[in-house]
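> My questions all concern the structure below.
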Amino acid sequence: MTIFDEQINRKQTNCVKWDSIVQTYHADDLLPLWVADMDFLAPTPVINAFESYSARGLFGYSITPDSLYQAIINWQKKRHGYSIEKEEILFSSGVVPSIALAVQSYTDEGDSVLIHDPVYHPFAAVVTENHRNLVRSTLIEENNHFVMNLEEMERLIIAHQVKLFILCNPHNPGGRVWTKEELAAVGNLCKKHGVLVVSDEIHQDLIFKPYTFTSFQLADPTFEEFSLVFTAATKTFNLAGIKNSMVFIKNPKLRARFQETQKRNQQGEINTFGYIGTEAAYNHGGTWLDELLPYLQENVQFVKTYLSEKLPSVHVMCPEGTYLMWLDFSAFGLSDKELETHLIEKAKVVLNSGIIFGSKGTGHMRLNVACPRATLEEGLSRIVQSFS
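Quick note on numbering: the sequence shown equals residues 1 to 388 in full-length UniProt numbering.
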């Protein structure tokens with residue numbers, strides 16, 4: 001038994017993943033395998049850091065310590081071969097708020113912003129809610145994973161005069177870990193047409209062997225001139241509630257514009273626990289992460305084997321990273337609403353409906369495997385029985 005097999009009761013803790021489903025579906029017997037956080041305790045050094053700070057009993061305003069910058073610099077260099085300087089690091093409450101700031105900083109109302117389809121659903125909301133024109137390029141499924149349609153992307157960029165492209169690297173919900181060659185190809189396309197790239201790299205640490213993560217800015221040294229990288233310790237170490245993320249901007253002019261927008265929106269201050277948790281995680285959480293990744297990868301394989309044996313009509317796209325799996329239920333001929341209702345009312349499980357990720361998500365569901373294997377097995381058993 002590993003530390004990740006421990007089943008922790010998260011009910012009645014104001015937990016979005018577990019408690020919000022009662023409010024949404026008016027049922028208390030549903031098993032949540034949706035919202036992208038983990039049902040695992042955070043690393044002990046992070047918990048200890050929080051407890052040590054809380055014991056002081058003082059919770060006033062905080063400055064950003066140099067030790068936090070150094071922890072980020074060290075982590076990026078050691079884990080990803082990515083070199084970043086202190087002045088190139090900005091902080092934000094989260095990656096999605098950072099994307100909103102980028103859209104506001106580098107585009108005007110009515111400008112076109114490109115995203116993939118399917119892709120993490122807040123991307124679309126950020127674009128439309130800021131009154132920009134949303135343009136989607138369809139990902140192609142080849143050999144059981146997604147690839148970018150560069151020809152279509154170029155046509156769309158030209159036709160809509162796209163100003164900004166939001167990249168999900170690694171990809172959510174498909175779990176693709178884009179290769180250096182793929183990133184170079186899409187980067188050169190954007191460079192050719194003067195498109196700014198915003199790269200969401202929040203899942204950068206959650207990569208399964210033998211795959212390796214490449215930051216967009218490492219695909220080609222010139223890419224740092226027209227791109228921003230967003231990341232955080234929150235997905236890696238199950239710290240979503242601490243509300244802290246980093247923005248890496250190497251181009252000084254781009255950085256100044258982003259900072260101006262932060263100032264206009266009064267978004268320059270971060271939760272103190274965000275600083276503390278991020279520093280503790282990067283300095284002392286490596287061993288925990290190294291133990292987590294094989295467990296997640298085994299959970300992925302467990303899902304693949306279980307469904308192939310007991311419900312082969314469901315097509316499983318195996319991720320190369322993240323802890324999210326893309327399941328295709330289209331063989332059952334249900335509408336998206338019917339599929340969601342079936343899983344809620346008959347299987348008693350909650351997954352993310354694929355259609356929220358774009359039109360190409362129709363007939364699909366996103367499954368979160370970051371939970372004890374016993375929980376995962378129970379959820380899969382419910383799904384299988386509901387279709388029997």
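All C-beta atoms in this analysis are idealised placements derived from N, C-alpha and C, irrespective of residue type, glycine included.
These numbers were taken from a predicted model, which means no experiment stands behind them.
Thinking C-beta only, is Ser215 closer than 8 Å to Glu225?
No; because the gap between Cβ atoms is not below 8 Å, this pair is not in contact.
> Tell me the rounded alpha-carbon separation between Gly321 and Ala232.
Spanning the two alpha carbons is a distance of roughly 16 Å.
> Is Arg257 helix, strand or coil by DSSP?
Arg257: helix per DSSP, three-state reduction.
> Near Ala370, what residues of its chain come up, given a Cβ to Cβ distance below 6 Å and the 5 sequence neighbours on each side ignored?
Cβ neighbours of Ala370 beyond the five flanking positions: Met38, Tyr323.
> Would you identify the three-state DSSP class for Val162, choosing helix, strand or coil?
Residue state, collapsed to three classes: strand.
> Would you mind stating whether Val300 and Leu33 have Cβ atoms separated by less than 8 Å?
No, the pair does not count as a contact, with Cβ atoms beyond the cut-off.
> Should Ser388 be labelled buried (16 or more other beta-carbon atoms within 10 Å of its own) or exposed?
Result: exposed.
> Quick check on the DSSP output: the alpha helix (DSSP H) that includes residue 390 runs from which residue to which?
A question about residue 390 goes unanswered here, because the residues of the chain that appear run from 1 up to 388.
> Thinking just about the alpha-carbon of each residue, which of His284, His171, Ile157 is nearest to the one in Gly194?
Out of His284, His171, Ile157, Ile157 has the C-alpha closest to the C-alpha of Gly194.
> Measure the beta-carbon distance from Phe213 to Pro170 and round it to whole angstroms, keeping in mind my assumption that it falls under 8 Å.
That belief holds up - the Cβ atoms of Phe213 and Pro170 are roughly 7 Å apart, short of 8 Å.
> If we ignore side chains and look at the alpha-carbon of each, how far apart do Arg136 and Phe208 end up?
About 28 Å.
> In three-state DSSP terms, what is Ile84?
Coil, per DSSP.
> Candidates Ser381, Ala256, Phe248, Ser386: which alpha carbon is nearest Phe332's?
The shortest C-alpha separation from Phe332 is found at Ser386.
> So within the stretch 250-330, which uninterrupted beta strand (DSSP E) runs reach at least 3 residues, ignoring any that extend past its ends?
If we require 3 residues or more, the beta strand (DSSP E) runs fully inside the stretch 250-330 come out as 315-317, 324-328.
> My understanding is that Thr272 touches Phe59, with C-beta atoms under 8 Å, so please give their C-beta distance in whole angstroms.
About 7 Å; that satisfies the 8 Å criterion.
> Excluding sequence positions up to five away, which residues of its chain have a Cβ less than 6 Å from the Cβ of Leu90?
Around Leu90: Val247.
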